[in-house]
Amino acid sequence: MGMFDELEIDKKFLPEDLQEHETGWQTKSYYSTLDTLVINKDGKLLLINNWGEGREVEETNYTGEIRFYDSVNKIWTEFVAFFENGQMFKIVQIAPKVEKEIL
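Below, the structure is given as structure tokens:
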């Protein structure tokens with residue numbers, strides 16, 4: 439399984455049927471240090487450091503893609519978001535409710 443980061447995203451960037459998904463998303467596309475990434479309502483990528491006292495929030499200048507995913511009602515759901523200097527400019531659903539059987 440390994441380490442990962444949690445990702446929170448403003449619901450306006452998600453399809454309507456996923457806007458109430460509340461368990462959060464996971465990603466291994468960043469540094470996988472058990473921190474929390476946030477894509478805020480402006481599409482900015484923020485990093486919340488979960489280590490130490492409090493939750494320090496900092497803006498990033500990340501350029502690249504971040505894939506994030508979760509199982510929603512037993513259906514694998516995955517997105518890829520593209521960033522330039524910490525600003526998201528594109529998001530694509532790459533696993534649009536593709537059911538995966540386990541066992």
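Residues in the sequence shown are numbered from 439 upward in steps of one, following this note's numbering.
Positions of the beta carbon are idealized from the N, C-alpha and C atoms, including for glycine.
Quick caveat, the model's predicted, so the values are computed rather than measured.
As computed with DSSP, serine 509 is found in a beta bridge with Trp514.
Rounded to the nearest whole angstrom, the CA to CA distance from phenylalanine 517 to aspartate 480 is 18 Å.
Under the DSSP definition of a beta bridge, aspartate 443 partners with Thr465. Lysine 449 sits in a helix when the DSSP states are folded into three classes. Among the bridge pairs identified by DSSP, lysine 528 is matched with Phe520. Phenylalanine 506 is positioned such that its CB atom lies closer than 7 Å to that of threonine 465.
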